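Numbering (my numbering), first residue to last: 91 to 390.
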């Protein structure tokens, strides 16, 4: 703040401050002894503000000073609304990051917990077949008879469009996907909120599962389609220059893309004892990139 002068009368000092505000110069008054000192915020406004103060001293009855009062009130009211809006949107970063991850990203942790629970069930002899029959897109026995991967979905068992993401072929498959969920999905949930993240996961699960189902049939499982979708959601923001604060090292991009290419090349088939869900990976990746790019299309 810079002092520009003083006046003996408080009301007159307010008139000058109001007029300065309407001219784009933020000012305020302070009482010192028997006078009211006028201060302006910006140093580059000092000379202009001093000229206005001198003009007021020469002609304090000039109508423009009194006419500025109502305009100054409107400016202050608008500024108060802006500050209130900003306060509502402000996130206490210190408190957010000090909270345990289960509170910062509850849905991500729930998805991981459910995946681990389902994997444990499928590891037990007594429950293995029942879990697969319930969560796969179609019970294999039904598929053998109908040759229709949508047969049970058509009967109202719509959860089968999503639930294959909770099944995993082994511990390494589970660990690999959950590692990426912790690394990538938690970031999206913490920044976009649990509800929005939930809709994103649902969309990615549906898209990746349907892509794999239509391209290669119902024999697939795993969270990797969702993982690739979350990866694509973050990656496209970097490619398109969309402002964001996601942390994703270049090495992560290389690993994800190399794994995708090798999957289509069939390099992992002998290692995993079968095919990779390449359709789910590609479908999830493209869906995530499309959703992540939406802000650029809206001009934001």
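Glycine residues also receive a C-beta, built at the ideal position from the N, C-alpha and C atoms.
Only a predicted model underlies this, so the values are computations on that prediction, with no experimental measurement involved.
| Asked | Found |
| --- | --- |
| Quick check on DSSP: helix, strand or coil for residue 118? | strand |
| Would a C-beta distance cut-off of 8 Å place residue 153 and residue 108 closer than the cut-off? | no |
| Buried or exposed: which applies to residue 327, given that a residue is buried once 16 or more other Cβ atoms fall within 10 Å of its Cβ? | buried |
| Short of 8 Å in beta carbon distance, which residues of its chain neighbour residue 197, apart from the five on each side in sequence? Order them along the chain. | 279, 284, 287, 288 and 291 |
| Considering only the beta carbon of each residue, do residue 378 and residue 320 sit closer than 8 Å? | yes |
| Quick check: the Cα distance between residue 96 and residue 172, rounded to an integer number of angstroms? | 30 Å |
| Suppose the cutoff is 8 Å on Cβ atoms and the five residues either side in sequence are ignored; what does the same chain contact list for residue 124 look like? | 98 |
| Does DSSP put residue 252 in a helix, in a strand, or in coil? | coil |
| Using 10 angstroms around the beta-carbon of residue 248, count the other beta-carbons present and answer buried if the total reaches 16, otherwise exposed. | exposed |
| Out of 306, 387 and 384, state which residue places its alpha-carbon closest to the alpha-carbon of residue 368. | 306 |
| Could you give the residue range of the beta strand (DSSP E) that holds residue 274? | Looking at the DSSP string, residue 274 is not in any beta strand (DSSP E), and its letter there is neither H nor E. |
| For a quick check, are the C-beta atoms of residue 252 and residue 299 less than 8 Å apart? | yes |
| Residue 351 to residue 259, Cα distance in whole Å? | 21 Å |
| Please report how far the alpha carbon of residue 324 lies from the alpha carbon of residue 371, in whole angstroms. | 15 Å |
| Counting only runs that start and end within the stretch 125-213, where is the alpha helix (DSSP H) found for 4 or more residues in a row? | 136-148, 153-179, 183-188, 191-194 and 196-212 |
| Take the Cβ of residue 158 as the centre, count every other Cβ of all protein chains shown within 10 Å, and call the residue buried at 16 or more, exposed below. | buried |
| Based on Cα-Cα distance, which residue from 122, 313, 119 and 112 lies nearest to residue 203? | 313 |
| Can residue 208 and residue 256 be called in contact, C-beta distance under 8 Å? | yes |
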